[in-house]
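Visitor: Numbering (our numbering), first residue to last: 151 to 233. Beta carbons are placed, not taken as given, at the ideal position from N, Cα and C, and that holds for glycine. Sharing a structure with you now.
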């Protein structure tokens, strides 16, 4: 199972709720103000980017990264230790 980080920039309208609702379905953990992490199997960063693009506006930014190693400082919440 791979660990992914998703970061976004909602620019004009800033309607976060559709994105938050979808991240909740992925059991994502918010680690910074605009950064979430979650685990998935059998997918790619491009597939996840395309999936989450449905929940933001056309002018918004979105970044999905597959992590093999990570470290954080002063995060809002840490991912579960078994990740």
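1) To which residues of the same chain is residue 187 closer than 7 angstroms at the C-beta, ignoring the five residues directly before and after it?
2) Can you give the Cα-Cα distance for residue 190 and residue 164, rounded to whole angstroms?
3) Would you list the residues sitting across from residue 157 in a DSSP beta bridge?
4) What's the gap between the Cα of residue 216 and the Cα of residue 151?
5) Classify residue 177 as helix, strand or coil using the three-state DSSP reduction.
Guide: Here's the rundown:
1) 153, 154, 155, 178, 179, 181, 229
2) 26 angstroms
3) 185, 213
4) 11 angstroms
5) coil
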